[in-house]
Amino acid sequence: MGAAAGAAAAGAKLDELWYVSRKTFRTAMARCHKAVDALRQHMDGVKGELATKVERCRKDTLARVEAAEDTLARGIEHVRQAEADAVEERAALRTDVAGVREVADTNAQRLLDNARELAAVKEMVRTANNAVYQVWHQVQKAVRLLPPTDSDETNTAAVTMAPAVAHSTSPRAQSAARAKRAPPPAITS
Numbered sequence: 001m002g003a004a005a006g007a008a009a010a011g012a013k014l015d016e017l018w019y020v021s022r023k024t025f026r027t028a029m030a031r032c033h034k035a036v037d038a039l040r041q042h043m044d045g046v047k048g049e050l051a052t053k054v055e056r057c058r059k060d061t062l063a064r065v066e067a068a069e070d071t072l073a074r075g076i077e078h079v080r081q082a083e084a085d086a087v088e089e090r091a092a093l094r095t096d097v098a099g100v101r102e103v104a105d106t107n108a109q110r111l112l113d114n115a116r117e118l119a120a121v122k123e124m125v126r127t128a129n130n131a132v133y134q135v136w137h138q139v140q141k142a143v144r145l146l147p148p149t150d151s152d153e154t155n156t157a158a159v160t161m162a163p164a165v166a167h168s169t170s171p172r173a174q175s176a177a178r179a180k181r182a183p184p185p186a187i188t189s
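128 is the number that UniProt numbering gives to position 128 of the sequence shown; each next residue is one higher, with no gaps.
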């Protein structure tokens with residue numbers, strides 16, 4: 001009788017411990033699921049905010065690049081026009097200098113003005129070229145700010161180890177690969 005009662009008590013104790021352990025485990029699992037859901041929601045919010053910032057940065061960078069390209073194109077055209085004007089003025093000077101000194105002096109003054117204008121345009125071209133480089137560096141910095149993910153690490157490794165198949169990686173890894181390329185050659189006047 002005593003052994004049976006002890007065994008029954010031990011069995012009841014084990015049942016109670018099993019119930020408590022199951023309840024504790026279920027509570028812990030519920031908390032883990034809740035924490036995972038909260039983390040997933042937070043990560044979704046972070047990804048959305050990051051995507052918005054990247055898009056804004058991309059649009060701003062494109063606008064600056066377009067403005068710099070327009071400025072550079074106008075500067076190059078201005079330089080070409082100034083060079084053409086200088087050639088015409090030198091031809092007119094060679095034609096008129098023998099007969100009319102006053103015309104020669106006027107043309108010489110025009111050449112000086114054109115030379116100053118050409119120097120100013122060359123300075124504008126250099127400034128525009130520097131702006132293009134600054135925009136390029138901003139693009140490189142924006143790409144470096146992208147947070148790595150598991151797929152991006154694999155894709156980045158694929159881009160680094162096998163450039164021939166870089167087109168099959170994710171867009172973010174391709175952006176990182178493009179950012180690692182050398183900058184465009186400087187435009188000299």
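C-beta atoms are modelled at their ideal positions from N, C-alpha and C, and glycine is treated no differently.
Task: Complete runs of the alpha helix (DSSP H) confined to the region 7 to 38 [at least 4 residues] - done: Runs of the alpha helix (DSSP H) inside the region 7 to 38: none found.
Task: Through-space distance from Lys122 to Gly75, alpha-carbon basis - done: Their backbone Cα atoms lie some 8 Å apart in a straight line.
Open item on the list: Using only the alpha-carbon positions, how far apart do Ala12 and Lys34 sit?
Closed with: 33 Å
Open item on the list: So, with DSSP's three-state summary, where would you put Leu146?
Closed with: coil
- [ ] Determine the DSSP secondary structure at Val100, reduced to helix, strand or coil.
- [x] coil
TODO: Would you mind stating whether Ala68 and Ala131 have Cβ atoms separated by less than 8 Å?
DONE: yes
Task: Gln138 versus Asp60 - alpha carbon distance - done: 10 Å
- [ ] Flag this pair as yes or no: are the beta carbons of Glu117 and Ala82 separated by less than 8 Å?
- [x] yes
TODO: Please say whether Glu77 and Trp110 have beta carbons closer to each other than 8 Å?
DONE: Before going further, note that residue 110 is Arg rather than Trp in the sequence given. Cβ atoms of Arg110 and Glu77: not closer than 8 Å.
Open item on the list: What does the alpha-carbon distance come out to for the pair Tyr133 and Glu55?
Closed with: 20 Å
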